[in-house]
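Quick mapping for you: the protein sequence lines, in order, are chains B and D. Each residue of the first sequence is one higher than the last, beginning at 28 in the working numbering. Each residue of the second sequence is one higher than the last, beginning at 39 in the working numbering. All residues carry an ideal CB built from backbone N, CA and C; glycine is no exception. From a predicted model like this one, the values you see are computed outputs, not experimental measurements.
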Amino acid sequence: MLKNMLTSAVFAGVAVGLIAALLQFWLVTPLLLQGEMYESGTVVHFATDGSTQSSPQRPNLLEEPSRHLMTIGFNMVAWTGFAFFLVAGYAWFERRGGEMTARLGLIWGLAGFIAVQLAPAIGMPPELPGTVRPEVELRQIWWICTVLCSVGALALLAFGRGALTIIAAFVLFALPHVFGAPELDTFFGVAPPELSSNFATRSLGVSAVGWTILGLIAATLWVRQRDEV
Amino acid sequence: MKNDDIKVLAKTANPAAANADLLGIGGAILAGFILLFAAGFAQATVMHDTSHDQRHAMAFPCH
Chain B
28 MLKNMLTSAV FAGVAVGLIA ALLQFWLVTP LLLQGEMYES GTVVHFATDG STQSSPQRPN
88 LLEEPSRHLM TIGFNMVAWT GFAFFLVAGY AWFERRGGEM TARLGLIWGL AGFIAVQLAP
148 AIGMPPELPG TVRPEVELRQ IWWICTVLCS VGALALLAFG RGALTIIAAF VLFALPHVFG
208 APELDTFFGV APPELSSNFA TRSLGVSAVG WTILGLIAAT LWVRQRDEV
Chain D
39 MKNDDIKVLA KTANPAAANA DLLGIGGAIL AGFILLFAAG FAQATVMHDT SHDQRHAMAF
99 PCH
């Protein structure tokens, strides 16, 4: 089982890391680089005379190849990390008497997207570079608590029995948001709202694709190796 | 549900294998934490700079 977990997680993580990085390069990185132009002041949207206007920029994606290679590398690291959690879940599920299938893996992946990307984004949307936010440590703590609460809530919904577990699940889902993400009392945004919102939706969209295929690929490899034994 | 019951019995019948399974699950979770710490949380400048774009795109709290 150990070998199955390791190979499923690593192969799925590296494959999805590459796919997600390519999708980011197409959809997310151009917006990110534009955000940096506003962050550095190369382009100004909110002029001091009160006018708000700027033209969409065309950042040169080929200028910093090593930077984009690092993005691919770290995508592989992050998605392999996520994949280890997923396969740990698969192993735990089968220990309890369940039987993984590729299709179930897709649902596990979707659940991962909800818990790890969507739930934290309610309090802390994906940020364009240049966004001024509260201290990073506070936000990291809130992010981790939100992910843990959401994983717990999804586990209760999936494996719990009775009305009480459903109620407990929704309380757990809501808890971090009732408590509230760390926030500043001022808006500092320098980039056009169109750019920031599109960055947030595209980031979440790419993550949704990544998580669902991560669950699918990891489960496909898991099932294949399990049945070979 | 009968099949499931049989499977549970079969798996718990061998405590050594069951412990190895638990160890494996724990190990996978630990590996996941270490990789995510490196990719999303470590604040050392070189880690931050090289993983910067990925952190923003993945909505990790970056800086």
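9 Å Cβ cutoff, residue i in contact with chain B
| i | result |
| --- | --- |
| Pro53/D | no |
| Lys49/D | Annotation note: pLDDT 49 at Lys49/D (below 50); position unreliable, no value reported. |
| Thr83/D | no |
Start and end residues, alpha helix (DSSP H) containing residue i
| i | result |
| --- | --- |
| Leu60/D | Pro53 to Leu74 |
| Leu45/B | Leu29 to Leu54 |
| Pro220/B | Pro220 to Glu255 |
| Met97/B | Pro92 to Arg122 |
| Ala185/B | Val163 to Phe186 |
| Gly200/B | Correcting the residue type first, residue 200/B is Phe in the shown sequence and not Gly. Ala190 to Phe206 is the span of the alpha helix (DSSP H), which, as asked, contains Phe200/B. |
| Arg130/B | Ala129 to Phe140 |
| Met85/D | Thr83 to Ala95 |
| Pro156/B | No alpha helix (DSSP H) holds Pro156/B; DSSP gives it neither H nor E. |
| Pro147/B | Ala146 to Gly150 |
Beta-ladder partner(s) of residue i, from DSSP
| i | result |
| --- | --- |
| Phe73/B | Thr79/B |
Close Cβ partners of residue i (< 6 Å) along its chain, the five nearest in sequence each way excluded
| i | result |
| --- | --- |
| Phe98/D | Gly78 |
| Ala208/B | Gly150, Met151 and Trp169 |
| Met39/D | Residue confidence is low: Met39/D scores 47 on pLDDT, short of 50, so the model does not pin down where it sits. Its coordinate-derived value is still stated next. Taken in chain order, the list of residues that qualify is empty. |
| Met103/B | Val41 and Gly44 |
| Pro203/B | Cys172, Thr173 and Cys176 |
| Gly139/B | Trp238 |
Interface flag, residue i vs chain D, CB-CB below 9 Å
| i | result |
| --- | --- |
| Gln252/B | no |
| Arg130/B | no |
| Ser224/B | no |
| Met127/B | no |
| Gln61/B | no |
| Phe186/B | no |
| Phe111/B | yes |
| Thr79/B | no |
| Trp170/B | yes |
| Leu33/B | yes |
| Ala118/B | yes |
| Met64/B | no |
| Gln84/B | no |
| Asn102/B | yes |
| Ser230/B | yes |
| Val114/B | yes |
| Leu29/B | yes |
| Val55/B | yes |
| Thr69/B | no |
Cβ-based neighbour list, residue i, same chain, cut-off 8 Å, excluding 5 preceding and 5 following
| i | result |
| --- | --- |
| Thr98/B | Ala48, Gln51, Phe52 and Thr56 |
| Ile46/B | Val236, Gly237 and Ile240 |
| His94/D | Cys100 |
| Ala48/D | Since pLDDT at Ala48/D reaches only 49, below the 50 mark, its modelled position is unreliable, and no value is offered. |
| Phe200/B | Ala146, Cys176, Ser177 and Ala180 |
| Met85/D | Ala76 |
Nonlocal neighbours in the same chain, by C-beta distance under 7 Å from residue i, ignoring five residues either side
| i | result |
| --- | --- |
| Ala42/B | Ile244 |
| Ser89/D | Ala77 |
Quiz item: Does the count of Cβ pairs from the segment 200-218 of chain B and the segment 61-77 of chain B closer than 8 Å reach three?
Solution: yes
Quiz item: Quick one: any contact between the segment 131-149 of chain B and the segment 244-254 of chain B, if contact means 3 or more CB pairs under 8 Å?
Solution: yes
Quiz item: For the segment 169-187 of chain B against the segment 60-67 of chain D, are there 3 or more C-beta pairs whose distance is under 8 Å?
Solution: no
Practice problem: Taking a Cβ distance cut-off of 7 Å, strictly less, list which residues of the segment 140-174 of chain B are near chain C, in chain order. | Solution: Chain labels in this structure do not include chain C; the protein chains are B and D.
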